[in-house]
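Asker: This note's numbering puts the first residue of the sequence shown at 148, with every later residue one more than the last. Ideal Cβ positions, reconstructed from N, Cα and C, are used throughout, including at glycine.
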Amino acid sequence: MRILILAGKALDKEQVDRLFGDTEYEMVRYSSVSRGVRRLDKGLWNIVVLAPGPEDASWYRAITRIRKEYGLSVILLAEKGGAGVEEKALEAGAVDAFEFGCVTPKEFARTLRLLNRQVELERKSAGGHAMADWIEKTGRLGSWEMDSGGRTTWSDGFREILGDAEGLLSEEFTSIRQFVLPEDLEIYDAANRATFEQGWPLDFEYRIKGVDGRIRHLHLHRRVELDSGGNVKRAYGMVRDVSSEREFEEFLFRRDAIMQVIGSFAARFLRESDWRSGINSALRDFGKAMDVSRAYIVRKFTGSDGLAYMKMEYEWAASFIEPVIDLPEVQKQPFSPLYDRWKSTLLRRKVVAGHVRNFQGDAQKPFRSTGAKSLMIVPVFLDNEWWGFIGMSEHREERDWLPVEIESLTLMADIFGSCVLRRRMEDQLVEANRSAEEAKTMALEASKAKSRFLANMSHEIRTPIGGILGMAEMAITTGLTDEQREHMDMIRDAAGSLLSIVNDVLDISKIEADKMELRPRDFEFRPAIETSVRPFGPQADAKGVVFQHRVDSSVPVHLQGDPDRLGQILINLLGNALKFTERGLIDLNVEIKEEEAGRVCLLFTVRDTGEGIPKDKLDTIFDSFTQADSSVRKKHQGTGLGLSISRELVEMMGGQIGVESELGRGSVFSFTAWFDKSDTVVVQPAPAREVAPKALHLKILLAEDNPLNQKFLTHFLSMFGHTVIVAENGIEALDELKRRGREIDLVLMDIQMPEMGGMEATAAIRKSDGKRFPSDIPVIALTAYAMKGDRERILKEGFNDYVTKPVDMKKLSAAIARSVAGQDKGSAPVPAMRRVQEEQPAVEVPVKLDMEALVDRFEGNLTLLRDILSLFLIESDQKLEQLDAGLEGGDPTRIGAALHSITNMASHVLAMDIVNRSRHLEKMCYIGSLDEAMAGARELRPKFVALVNAVRERVKTL
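Encoded structure:
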């Protein structure tokens, strides 16, 4: 406590010291104490004591100034009290007044203690109010309170949400009604009646229109206190502005519609060679999904004068505007000088988007003449060549483009560029093959150029395919109709087929560019063979084909070679055999053909009773891009690369491959391969079980710059119970680790990111002494690199594991489980399972459990599916208990929370009838229709129990 004494010139300091005792103070003398008030500007004080001289009457004015201007507590010490001095001092605002000769040190000390306590309480109160104001402001919160007389107090945060700077809110609670949207007045009034007439506590949402004209979504928590007579004694509530959450839900809805169009576009144009025939209909569908006025594709070309021009190649226009594609100015529009800045932006692969009125200078005139108000254009690149751009324009009103719209148009531009590149590639291949007929040397060079071109093209296609796969998987988990799910499954399967094609193209390109190498190591032969052939057993059983394999007892147990490439050969041959065999037998036999000192040559034979191969095709069956049936009506799809790759791998292993076949009787493929004998006993590690990370509940830092990858990885990881923190690059990732420390359990690190890549960031983590970052934190690499040596190079840089893009969620889950194996951090205890079977309804309730769709969702991974269903059973017990407790107590909050959980759980097992009913009943809880909600919940409960029992029975069979 700091005390300042403003004293007269003749004040006795010894007398002051006796009065203050051990209390510290600072004293300044003035002929008139009112002159000392300015002293308060030079320091921080809690209490001011005025000790004027006998003739100094300025103390009254000084007290008034100190209280009004500085808000400090004042004590008057007068040498002579006189009649009315104390009353006058208190009137001016002093806390107390004393006469030197009449006050004892004990009395004065008591006054100082009381003042000190008051100062401390005022400081804490001010801090509490400041903290509450800060929480409301940063959390977009507001509150209100109504007393028994109906007078309502609104917090500053509430007024700020409304933008109520003009004080439109009054003490009347009904003054808020003027802001509620007309469409929501019915539910709002019903909630008010439930609160103020029946005393119900409520949680519900409604929309308001603020003073600034913006529509906001408010989530309200309201409570009421009643007196003994049942009248409202006190009511209070808190609102949270959830507009951003609702806007994000709208983003997701818009994104799903757009992604379906993009998926259809990709499925068609990445498979069909002639993309031009369907581009107009694709533009129309995309423009409607984006809800724009015009969609168009513009190509860049160089004129005879050497300058760059734009030419509109395709256009879709809504019915309410006129097309412009036939106008001369859009058929040859120069970039310079109006659009030089746009050209520079597009060359850097950036998007041009905004309101037309904000465009610089004359650049806005051509668009204003057509009535466009907003514009977005995205560049189209063929590899590193800028081809042109895809554009969207809006003519009805100015539009702020959503991130999902920009991302979607960018994805479409990438796919379109890949289509154009593919067509150009095919044209070049045709030309290369024509030239190959004239000269063998030129043909060899063209083949190598083709391989390099195919490799570049394949890498370019991997990015949009990854986006399609990720967003399709994400959409599948959001609870679709059967028809929507079928469409998304078709999109996912088409993208998966494309990815297989790209991988084959990469392999053949590496072979033809002499970049393919074997990675020999010691391995145990029979388990390696078993791993390769195991997946074909169930597939053969499904077709009714007998599948068998045998390894001769003379084959050594341990060998040295490349088991991965050997497995690739076997998978290609067995996959072809299974594809072309509708009935009968597929047989794999392995035996020794030849032995040398320290080496052995094995003979592998694959027999099938399938369709067989025509004799005129046997000589070319191992050539690249060649199939026995290459007609447009061929029954079996494929690239014709599998056998070509197998032949090259066999020759790299020092062997030969051949085929014998009879049309209609089947085929026999055989190949030889040399291996070194090994005396090393290889301890085969137990394969990592692909565990759904249900009991981990990790906090994961995702360092990824691609928005699509961020979204679908966050979606799936969150679905498995993890909390995901996103960083845009390595610098942000290190900042998060520095700030959160051991709070982060694991890092998923993209290799290529702007500003700082994953390699540099991981190196910084590993080199840390543990003070800046947890140097031992598990880090998993996410990368599109799939070439030879990439895995070893990345793991050598300090990563714990490696997952390639497009990310397979099963492989990522297994990598996460491996990386945190043995760590207890983040694991959550699994509660004991209560048997729901004992609560089976008296009457059997029909329930639909689409196990085929569930198995398809997890791509046949029954282990992962079993773990997810087991987690469903555990949580179902908890939610049924919560529902029962809410029904027993008539608690709408608990019933609504239980129904909300049941909605989410039922969606995970695709029980959409329960999802829709539960979601409706949850809404009834929040709008005050408790009787309907409770009756519906009691009716829904046996259906959910039947669903739980159906899941339990299915789990037993997995």
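On a CA-only basis, which of V389, L485, F1019, F514 is nearest V1095? Give me that one, please.
Answerer: If you number the sequence shown from 1, residue 1095 lands on position 948. Per the Cα distances, F1019.
Asker: Can you give me the start and stop residues for the alpha helix (DSSP H) that A689 sits inside?
Answerer: By one-based count along the sequence shown, residue 689 stands at place 542. Where A689 is concerned, the enclosing alpha helix (DSSP H) stretches over 683-690.
Asker: Verify whether the separation of the beta carbon atoms of V1098 and L1030 is less than 8 Å.
Answerer: The count along the sequence shown starts at 1 and reaches residue 1098 at position 951. The count along the sequence shown starts at 1 and reaches residue 1030 at position 883. For V1098 and L1030, no; Cβs fall outside 8 Å.
Asker: Return helix, strand or coil for N947, following the three-state DSSP convention.
Answerer: The count along the sequence shown starts at 1 and reaches residue 947 at position 800. N947: coil per DSSP, three-state reduction.
Asker: In this structure, what does DSSP give as the bridge partners for V379?
Answerer: Along the sequence shown, one-based indexing puts residue 379 at 232. DSSP lists L373 as partners of V379.
Asker: Between which two residues does the alpha helix (DSSP H) containing C566 stretch?
Answerer: As a working mapping, residue 566 is identified with position 419 in the sequence shown. Unbroken alpha helix (DSSP H) run through C566: 550-583.
Asker: Looking at the secondary structure, which residues open and close the beta strand (DSSP E) in which V753 lies?
Answerer: Counting from one through the sequence shown, the residue named residue 753 turns up at place 606. Per DSSP, V753 belongs to the beta strand (DSSP E) from 746-755.
Asker: Can you have a look at G813 and say buried or exposed, based on whether 16 or more other CB atoms are within 10 angstroms of its CB?
Answerer: Within the sequence shown, the letter at position 666 stands for residue 813. Result: buried.
Asker: Could you tell me which residues DSSP pairs with G538 in its beta bridges?
Answerer: Within the sequence shown, numbered from 1, the residue matching residue 538 stands at position 391. Answer is Y443, I524, bridged to G538.
Asker: Can you give me the Cβ contacts of Y907 inside the same chain, cut-off strictly under 7 Å, excluding the 5 residues immediately before and after it?
Answerer: What you label residue 907 is simply residue 760 of the sequence shown in a count that begins at 1. It should be noted that the sequence gives Glu, not Tyr, for residue 907. So the qualifying residues of the chain are G877.
Asker: Taking its Cβ as the centre, do 16 or more other Cβ atoms sit within 10 Å of R257, making it buried, or is it exposed?
Answerer: Translated into positions along the sequence shown, residue 257 becomes position 110. Exposed, since its Cβ has fewer than 16 Cβ neighbours within 10 Å.
Asker: Pull the bridge partners of Q345 from the DSSP assignment, please.
Answerer: Taking the sequence shown and counting its residues from 1, the one referred to as residue 345 is at position 198. Bridge partners of Q345: none, in fact.
Asker: When the cut-off is 8 Å and only beta carbons count, does V379 lie next to chain D?
Answerer: Checking the listed chains, one finds no chain D in this structure; it contains a single protein chain.
Asker: Straight-line CA distance for H1047 to V242?
Answerer: Indexing the sequence shown from 1 puts residue 1047 at position 900. Indexing the sequence shown from 1 puts residue 242 at position 95. Each residue's Cα considered, the two are about 58 Å apart.
Asker: Just curious, the beta strand (DSSP E) that F816 is in, first and last residue?
Answerer: Residue numbering aside, residue 816 sits at position 669 when the sequence shown is read from its first letter. Counting along the chain, the beta strand (DSSP E) containing F816 begins and ends at 813-824.
Asker: Determine which residues share a DSSP beta bridge with H368 and list them.
Answerer: The residue you call residue 368 lines up with position 221 of the sequence shown. DSSP, once it has assigned bridges, lists D350, M385 as partnering H368.
Asker: Is the beta carbon of L720 sitting closer than 8 Å to the one on S793?
Answerer: By 1-based counting over the sequence shown, the position of residue 720 is 573. By 1-based counting over the sequence shown, the position of residue 793 is 646. It is a contact, given that the beta carbons lie within the stated cut-off.
Asker: On the criterion of 16 or more Cβ atoms from any shown chain inside 10 Å, does F400 qualify as buried, or is it exposed?
Answerer: For the purposes of this step, residue 400 is identified with residue 253 of the sequence shown, where counting begins at 1. F400 comes out exposed.
Asker: Is S679 buried or exposed, if buried means 16 or more other CB atoms sit within 10 Å of its CB?
Answerer: Mapped onto the sequence shown, residue 679 falls at position 532. That one is buried.
Asker: Who are the Cβ neighbours of S1023 in its own chain at under 6 Å, not counting the five residues just before and after it?
Answerer: Working through the sequence shown from its first residue, we reach residue 1023 at position 876. Here the set comprises V1095.
Asker: How about M457 and I472: do their beta carbons lie closer than 8 Å?
Answerer: Taking the first residue of the sequence shown as position 1, residue 457 is located at position 310. Taking the first residue of the sequence shown as position 1, residue 472 is located at position 325. Result no, Cβ atoms of M457 and I472 do not sit closer than 8 Å.
Asker: For V737 versus V702, is the C-beta distance shorter than 8 Å?
Answerer: Taking the sequence shown and counting its residues from 1, one reaches residue 737 at position 590. Taking the sequence shown and counting its residues from 1, one reaches residue 702 at position 555. Closer than 8 Å, so yes.
Asker: Check whether the Cβ of P526 sits closer than 7 Å to any heavy atom of the ligand PLP, and report yes or no.
Answerer: For the structure depicted, the ligand PLP is absent and the ligand set is empty, with no information on it obtainable.
Asker: So L735 is in the beta strand (DSSP E); what residue range does that whole segment cover?
Answerer: In the sequence shown, residue 735 corresponds to position 588, counting from 1. Residues 731-743.
Asker: Alpha carbon to alpha carbon, how far is R1064 from K271? Give it in angstroms, no decimals.
Answerer: Walking along the sequence shown from the start, residue 271 turns up at place 124. Walking along the sequence shown from the start, residue 1064 turns up at place 917. About 50 Å.
Asker: In chain order, what residues of the same chain lie with their CB nearer than 6 Å to the CB of T870, ignoring the 5 residues before and after it?
Answerer: Walking along the sequence shown from the start, residue 870 turns up at place 723. K846, listed in sequence order.
Asker: Return the CA-CA distance between E233 and R165, expressed in angstroms with no decimal places.
Answerer: Counting from 1 along the sequence shown, the entry for residue 233 is found at position 86. Counting from 1 along the sequence shown, the entry for residue 165 is found at position 18. Each residue's Cα considered, the two are about 22 Å apart.
Asker: Could you tell me which uninterrupted alpha helix (DSSP H) segments, each at least 4 residues in length, are contained entirely in the stretch 223-247, listed from first to last along the chain?
Answerer: Those alpha helix (DSSP H) runs which fall completely within the stretch 223-247 and span 4+ residues are 232-239.
Asker: Taking the beta carbon of D892 as the centre, do at least 16 other beta carbons fall within 10 Å, making it buried, or is it exposed?
Answerer: Position 745 of the sequence shown, counted from the start, is the residue given in the question as residue 892. With 16 or more Cβ atoms within 10 Å of its Cβ, D892 is classed as buried.
Asker: Near A1080, which residues of its chain fall below 7 Å by C-beta distance, leaving aside the five closest residues on each side in sequence?
Answerer: Locating residue 1080 in the sequence shown gives position 933, where the first residue counts as 1. Once the five neighbours on either side are set aside, the close Cβ partners of A1080 are P1039, I1042, L1068, M1071, C1072.
Asker: Between which two residues does the beta strand (DSSP E) harbouring L895 extend?
Answerer: Your numbering for residue 895 matches position 748 in the sequence shown. Taken as a continuous stretch (DSSP letters only), the beta strand (DSSP E) holding L895 covers 893-897.
Asker: Under a Cβ-count criterion, where at least 16 other Cβ atoms within 10 Å of its own Cβ denotes burial, should F351 be classed as buried or exposed?
Answerer: Mapped onto the sequence shown, residue 351 falls at position 204. Under this definition F351 is a buried residue.
Asker: Report all residues from its chain with a CB closer than 6 Å to the CB of L439; omit the five preceding and five following residues, and keep chain order.
Answerer: On the sequence shown, position 292 is the one that residue 439 refers to. Note on residue identity: the sequence assigns Val, not Leu, to residue 439. Cβ neighbours of V439 beyond the five flanking positions: M539, E541.
Asker: So the candidates are E246, S375, I194, A225; which of them puts its Cα closest to the Cα of E267?
Answerer: If you number the sequence shown from 1, residue 267 lands on position 120. Per the Cα distances, I194.
Asker: Hey, how far is the Cα of C566 from the Cα of E741?
Answerer: On the sequence shown, residue 566 is found 419 positions in, with the first residue counted as 1. On the sequence shown, residue 741 is found 594 positions in, with the first residue counted as 1. In a straight line, the C-alpha of C566 is about 49 Å away from that of E741.
Asker: Can you name the residues that DSSP bridges to H502?
Answerer: Here residue 502 corresponds to residue number 355 of the sequence shown, with the count starting at 1. Its beta-bridge partners are S521.
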